[in-house]
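Down below is the structure, laid out as structure tokens.
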Amino acid sequence: TPTVSVLEKKGSAINLDVGPHLHPEQADEYKKIQQILIRMNKLCTQGSPTGIVKPRKHEQRLLRNVGVHTVVLELLQIPYDEKEDIRMNELMRLAHEFLQNFCL
-11 TPTVSVLEKK
-1 GSAINLDVGP
9 HLHPEQADEY
19 KKIQQILIRM
29 NKLCTQGSPT
39 GIVKPRKHEQ
49 RLLRNVGVHT
59 VVLELLQIPY
69 DEKEDIRMNE
79 LMRLAHEFLQ
89 NFCL
């Protein structure tokens, strides 16, 4: 499986283990969700040499058919402490980014 690039890891509260102490299993769950959201974002769009982001219509249709967007919307409904849970803030940012890319 592909790993997160250095740029994506840089500044990541999840990868840097920033925030309240977690059990290793909990930290792994954050990392798994982060990886899924990053991959779904990459699946939705493709960059061009000119820097223009283009939608990948076929892949977006496949994601829509399996209801990925509804799962992401459910994720956004999870209550959490915005000041303390820095890791969840990152997941929410990735989820919003996915929905923006998904709607291109």
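Everything in the sequence shown is counted per the working numbering, starting at -11 for the first residue and increasing by one.
Yeah, the Cβ is synthetic: ideal placement off N, Cα and C, and Gly gets one too.
Asked, Found
"Can you name the start and end residues of the alpha helix (DSSP H) that Q14 belongs to?", "P12 to C32"
"If the criterion is Cβ atoms closer than 9 Å, does the pair E47 and L63 meet it?", "no"
"Where do the N-terminal and C-terminal ends of the alpha helix (DSSP H) with V56 fall, by residue?", "V56 to L64"
"Per the contact definition of three or more C-beta pairs closer than 8 Å, is the stretch 64 to 79 in contact with the stretch -2 to 11?", "yes"
"For T38 and N89, I'd like the C-alpha separation in whole angstroms.", "18 Å"
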